[in-house]
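Presented below is the structure to which this report refers.
Numbering (this note's numbering), first residue to last: 23 to 157.
Spelled out as structure tokens, the structure:
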């Protein structure tokens with residue numbers, strides 16, 4: 023298969039980024055995830071980088087592994103490009119974010135999760151307001 027000179031298909035890239043995020047939050051290696059859906063670690067890497075599309079049968083299995091609807095992988099939102107830019111800035115920050123997401127996912131009390139999310143949203147709003155005022 024020849025490499026597309028224009029890079030990965032944007033849809034495959036978005037699906038791959040969401041797959042990698044779910045895998046990292048779950049604390050799985052590419053090898054461990056590959057074993058769960060009967061593909062190689064290399065194939066998982068190709069899926070995550072958008073180099074090759076994920077077959078529908080494997081996408082279905084991935085949705086089962088992560089306990090999400092298949093539609094999760096197709097969500098169009100503004101977070102995918104932002105995630106790529108964020109990773110380019112500082113890979114260590116990305117690891118911290120993944121760690122925080124894992125911790126958040128382990129909170130089993132909905133009211134605690136909602137309160138924490140509200141605090142983070144307010145902090146982000148204040149930071150954005152502060153950034154606007156300093157420009």
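Yeah, the Cβ is synthetic: ideal placement off N, Cα and C, and Gly gets one too.
Three-state secondary structure assigned by DSSP to residue i
{"i": "residue 124", "result": "helix"}
{"i": "residue 29", "result": "coil"}
{"i": "residue 49", "result": "coil"}
{"i": "residue 62", "result": "coil"}
{"i": "residue 93", "result": "helix"}
Cβ neighbour criterion (16 or more within 10 Å) applied to residue i
{"i": "residue 41", "result": "buried"}
{"i": "residue 68", "result": "buried"}
{"i": "residue 52", "result": "buried"}
{"i": "residue 66", "result": "buried"}
{"i": "residue 124", "result": "exposed"}
{"i": "residue 84", "result": "buried"}
Inter-residue Cα distance where the pair is residue i and residue j
{"i": "residue 22", "j": "residue 136", "result": "Residue 22 is absent from the structure shown; the chain starts at 23 and stops at 157."}
{"i": "residue 156", "j": "residue 144", "result": "18 Å"}
{"i": "residue 56", "j": "residue 153", "result": "43 Å"}
{"i": "residue 62", "j": "residue 77", "result": "14 Å"}
{"i": "residue 132", "j": "residue 141", "result": "14 Å"}
{"i": "residue 139", "j": "residue 117", "result": "19 Å"}
{"i": "residue 119", "j": "residue 47", "result": "9 Å"}
is_contact[residue i, chain B] using C-beta, thresh 7 Å
{"i": "residue 30", "result": "Absence of chain B from the displayed structure is noted, only one protein chain being present."}
Rounded distance between the beta-carbons of residue j and residue i, thought under 8 Å
{"i": "residue 38", "j": "residue 71", "result": "6 Å"}
{"i": "residue 59", "j": "residue 80", "result": "5 Å"}
Boundaries of the alpha helix (DSSP H) in which residue i is found, first to last residue
{"i": "residue 153", "result": "132-155"}
{"i": "residue 86", "result": "78-88"}
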